[in-house]
Every structure is written in structure tokens, then in C-alpha cells.
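Just so you know, we're using numbering that gives the first Met the number 0 here: the sequence shown kicks off at 0 and counts up by one. Beta carbons are placed, not taken as given, at the ideal position from N, Cα and C, and that holds for glycine.
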Amino acid sequence: MLIHEFSNKDVTAEHVILAQAILAGTAQGDKSKAQRFMIFVNEIPDAPTVQNLIPRFSQFMKRFKAS
């Protein structure tokens, strides 16, 4: 399987913002939802286990539904 490698010149700020919006489920670029999702992602430990992820995901969903 061939894996394409990207260099820094391939990635622009626009690409990063769009990727964040897509991951957050806000393809229109709703920054508040995208920012909340990225905060959630940044809080995940480097080597997560399922036991670590469940409470973090539950907390994220509660905050997401509240807003």
C-alpha cells in the first residue's frame, strides 16, 4: 500500500481549519464547535486506553449537548 507523504508546503492554514471543521462535524466552519472538538482532542493522553477515553468522551458529549 502506497502512503502519500506530505511536506509542510502542502498544508495551508485553510487546510487545517477545514480539517478541524470536518472532524468536528461542522463543515461550514462553526468555529465554536470546531474549537470545542480540538480542545477535547488535545486533552486525550498520548497513549490512551479505553478506560481513559470513556470518561473524557462522556464529558465532551455533555458539554457539546449543553451548548
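Apply the 10 Å Cβ neighbour rule to residue i and answer buried if 16 or more other Cβ atoms are within range, or exposed otherwise.
i	result
ALA92	What is shown of the chain runs 0 to 66, which leaves residue 92 out entirely.
If you draw a straight line from the C-alpha of residue i to the C-alpha of residue j, how long is it?
i	j	result
GLN50	VAL40	16 Å
LEU17	ILE38	16 Å
PHE63	PHE56	10 Å
ILE53	ARG35	17 Å
ALA12	SER31	17 Å
MET60	GLU42	14 Å
HIS14	LEU22	12 Å
Distance cutoff 8 Å, beta carbons only. Does residue i sit that close to anything in chain B?
i	result
ASN41	Of the protein chains in this structure there is only one, and it is not chain B.
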